[in-house]
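Residue numbers (numbering that gives the first Met the number 0): 0 to 433.
Ideal placement from N, C-alpha and C gives every residue a C-beta, glycine not left out.
These numbers come from a predicted model, not from an experiment.
Here the structure is laid out as C-alpha cells; the discussion comes afterwards.
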Amino acid sequence: MLGKTRNSLFSSLEVKKYVSNTGYMFFGKILNSFLALFTGIYIARYLAPTDFGLYQYASSYIILFGAFASLGLRDIFIKEIVNAQKSESIILGTILNLRILSGFVFSLLAILASYFTNESDISRLLIIVCSISLIFESAEILDYWFQAKVLAKRSQIANVISLLVASSIKILFIYLSLSVVYFSISIVLYSAFRLLLMIWQFQKQGAVIKIFSFDLEIIKDFLFHSWPLIIASLSTVIAMKIDQVMIMQMMSAASTGIYAAGIKLAEASSFLPTIIVTSIFPKLIQLHRKPNFWLRYRQIFKYVFWALIVLSLMVTFLSGFIINLFFGLEYQGAAQVLAIYIWTLPLSFSGMMTVKYMLLLNKTKAIFIRQLIATVGNILLNLILIPKYGFVGAAFSTIVPQFLINTFYDFVDKDLKEILKIKKEIVTFNFFGR
C-alpha cells in the first residue's frame with residue numbers, strides 16, 4: 000500500500016519538478032528559520048526580557064500594518080501568472096508598483112498611529128524605524144512570481160543571503176554592545192537588501208518588468224477579488240501578533256519578552272506547513288477539477304498533518320528543557336507558552352489547506368468570514384484570559400479559535416464536505432480510506 004502511494008505521488012517528471020521546488024523552498028526556509036531563531040535567541044539573551052519585549056512589540060506592531068500593505072495579493076497574483084490571461088510583464092509591473100505605493104502609505108499610517116496610542120518614547124522610536132521596512136517589502140511580489148514559475152531556488156538564494164547579512168549585522172551590534180534601536184535598524188536593512196537580491200535574481204532569469212506599468216483595469220480586478228483576502232490576511236496576522244501587542248498594553252515589556260521567547264521556537268517551525276502548502280498551490284490550480292485532484296490533496300493533507308502532530312507532542316514534553324537550554328533562567332516562564340503554542344503548527348496547516356481549496360473555488364468572501372470569526376474569538380479571549388492568566392492565557396487565546404474554526408466551520412459550508420471527510424479520516428486514524 001505504501002509503495003502504491005509513493006508511486007502515485009512521484010509518478011511523473013512534472014510532479015518531480017514540484018517536489019524539487021518544494022525541496023529548494025524547504026531547504027531555504029530551514030536555513031532562514033534557523034538563522035532567525037538562533038540570532039533571535041542571541042538577541043533575547045543580550046537584551047534581556049524588557050528590551051527584547053520592546054523590540055518584539057515594535058516588530059509585531061509593524062507586521063500588523065504590513066498585513067494591510069500586502070493587499071492580500073499573493074494567491075491571486077500567483078493564480079494570474081500561472082493562467083497567463085494577460086501580458087505577464089504588465090501584470091507584474093502594475094502589481095509591483097501598487098505594492099510599493101501601499102508600502103509607503105502604510106508606513107506613514109503606522110507612524111501616525113503611534114502618536115494616538117499610549118507609547119513610550121523608546122517604543123515610538125522603534126516603531127518609526129521599523130515602519131521604513133514596509134516600503135521594501137515589495138520584494139514579496141517578485142517572490143510570488145518565482146513561486147508561480149516553480150523557481151523557488153532563485154527566491155531562496157535572495158532570502159538566505161539577505162538574512163545572512165542581516166544576522167551578521169545583528170551579531171556585530173551585540174559585539175559592539177549597542178542599544179535596542181540598532182536592532183530595529185537591522186530589520187530595515189534586511190528588507191532593503193532582500194529587495195535588491197530579488198531584483199538581481201529576477202534579472203538573471205531574463206524576465207522583463209514594465210516598470211512604469213499602472214494598468215487600472217488590472218488593479219481594479221485584483222482589488223475587487225483581493226479585498227476579502229486583505230481582511231483575511233490581516234485577520235491572520237492579528238491572530239498571530241495581537242497577543243504581543245495586548246500583553247505589552249495590559250502587562251509589561253518584560254512579559255512581552257518572555258511570551259515572545261516562548262512562541263519564537265513555534266514560529267521558527269511554522270515554515271513547515273507554509274512551505275508545503277505554498278509550493279504545491281500552483282499544482283493544485285492545474286489539477287483542480289481533474290480526476291486525481293482529491294487523491295493528491297488527501298495524501299498531502301493526511302501525512303503532513305500527522306507528522307506535525309508528532310512534532311508538537313515532542314516539543315510539548317520537552318518545552319522546559321528547550322527554553323532553559325536556549326534562553327536561560329530569565330525566560331523560564333516561556334516554557335508553558337511554548338508547550339501550548341506549538342500546537343498552532345498542525346492547526347495552521349489544516350487551515351491553510353482548507354483556505355487554498357476555498358480559493359480554487361473563488362470563495363474569497365467565505366475565507367474572509369472564516370478568518371474574521373477566528374480573529375474576533377482570539378481578541379475576545381485575550382481580553383478575558385490575559386488579565387487572569389497572563390501570557391499563558393494569551394497562548395490559549397491563539398489555539399482555541401484555530402481549533403474551533405478548523406472543526407466546526409466545515410460543517411456549515413457545503414463546498415467543504417470532501418475536506419470534512421478527510422478530517423474525519425484523520426481523527427479516526429484512517430490513513431488510506433477515501
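- Taking ALA365 as the centre and dropping the five residues before and after it, the same chain places the C-beta of MET357, ASP412 closer than 7 Å to its C-beta, in chain order.
- According to the DSSP assignment, THR406 belongs to the alpha helix (DSSP H) that extends over 390 to 411.
- Rounded to the nearest angstrom, the gap between the Cα atoms of ILE425 and TYR114 is 49 Å.
- Under the 8 Å Cβ criterion, the region 217 to 225 does not count as touching the region 180 to 193, having fewer than three qualifying pairs.
- Counting the other CB atoms within 10 Å of its CB gives TRP199 a total below 16, which places it among the exposed residues.
- Contact between ASN117 and ILE241 is ruled out by a C-beta separation of about 16 Å, above the 8 Å threshold.
- Here ARG73 has TYR143 as same chain residues with Cβ atoms under 6 Å from its own Cβ, once five neighbours each way along the sequence are excluded.
- If you ignore the 5 residues before and after PHE410, its C-beta comes within less than 8 Å of the C-beta of LEU419, all in its own chain and listed in chain order.
- GLU136 carries a coil assignment under DSSP once its states are collapsed to helix, strand and coil.
- Here the alpha carbons of LYS362 and ILE110 stand approximately 34 Å from one another.
- Closest by C-alpha distance to LEU163, out of SER178, GLU139, TYR189, is TYR189.
- Distances from the CA of GLU329 to each of ILE62, ILE40, LEU384, TYR174 were compared; the closest alpha carbon is that of ILE40.
- Here the alpha carbon of SER32 sits roughly 14 Å from the alpha carbon of TYR23.
- LEU317 and ALA138 have their C-alpha atoms some 37 Å from each other.
- By the Cβ neighbour-count rule, ILE383 is exposed, with fewer than 16 other Cβ atoms within 10 Å of its own.
- SER88 sits in a helix when the DSSP states are folded into three classes.
- Take the alpha-carbon of VAL187 and the one of CYS129: they are about 6 Å apart.
- Note that the C-beta distance between ILE62 and GLU79 is not below 8 Å.
- Counting C-beta pairs with one atom in each stretch, the region 152 to 161 and the region 96 to 103 have fewer than three that are closer than 8 Å, which means they do not touch.
- Put simply, of PHE304, THR273, MET239, ILE385 the residue whose alpha carbon is nearest the alpha carbon of LYS422 is PHE304.
- Under the DSSP assignment, SER254 falls in the alpha helix (DSSP H) whose first and last residues are 252 to 268.
- Apart from the 5 residues on each side of it in sequence, ILE341 sits with its Cβ closer than 7 Å to the Cβ of ALA265, SER311, VAL314, THR315 in its chain, given in chain order.
- Setting aside the 5 residues that flank it on each side, ILE398 is surrounded in the same chain by ILE339, TYR340, TRP342, THR343, LEU346, each with a C-beta closer than 8 Å to its C-beta; the list follows chain order.
- Per the coordinates, the alpha-carbon of ALA393 lies some 8 Å from the alpha-carbon of LEU380.
- Judged by beta-carbon spacing, ILE77 lies within the 8 Å limit of GLN146, meaning their Cβ atoms are closer than that value.
- Shown here, GLU118 sits in coil according to DSSP, grouped into three states, outside any helix or strand.
- Using a Cβ-Cβ distance cut-off of 8 Å, the region 47 to 67 and the region 249 to 263 are in contact, since at least three pairs of beta carbons, one from each stretch, lie closer than that value.
- Distances from the alpha-carbon of LEU359 to those of TYR296, ALA35, ALA259 put TYR296 closest.
- For PHE395, the CB contacts under 8 Å within the same chain, skipping 5 residues up- and downstream, are ILE339, LEU380, LEU384, TYR388 in chain order.
- The C-beta of LEU324 has fewer than 16 other C-beta atoms within 10 Å across all chains shown, which makes the residue exposed.
- Within the same chain, GLY71, PHE367, GLN370, LEU371 come within 8 Å of ILE230 by CB-CB distance, once the 5 residues on both sides are set aside.
- Judged by DSSP in its simplified three-state form, TRP342 adopts coil rather than helix or strand.
- Taking the CA atoms as reference points, LYS355 sits about 11 Å from THR273.
- Between the beta-carbon of ILE246 and that of PHE390 there is about 6 Å, and that keeps the pair under the 8 Å contact cut.
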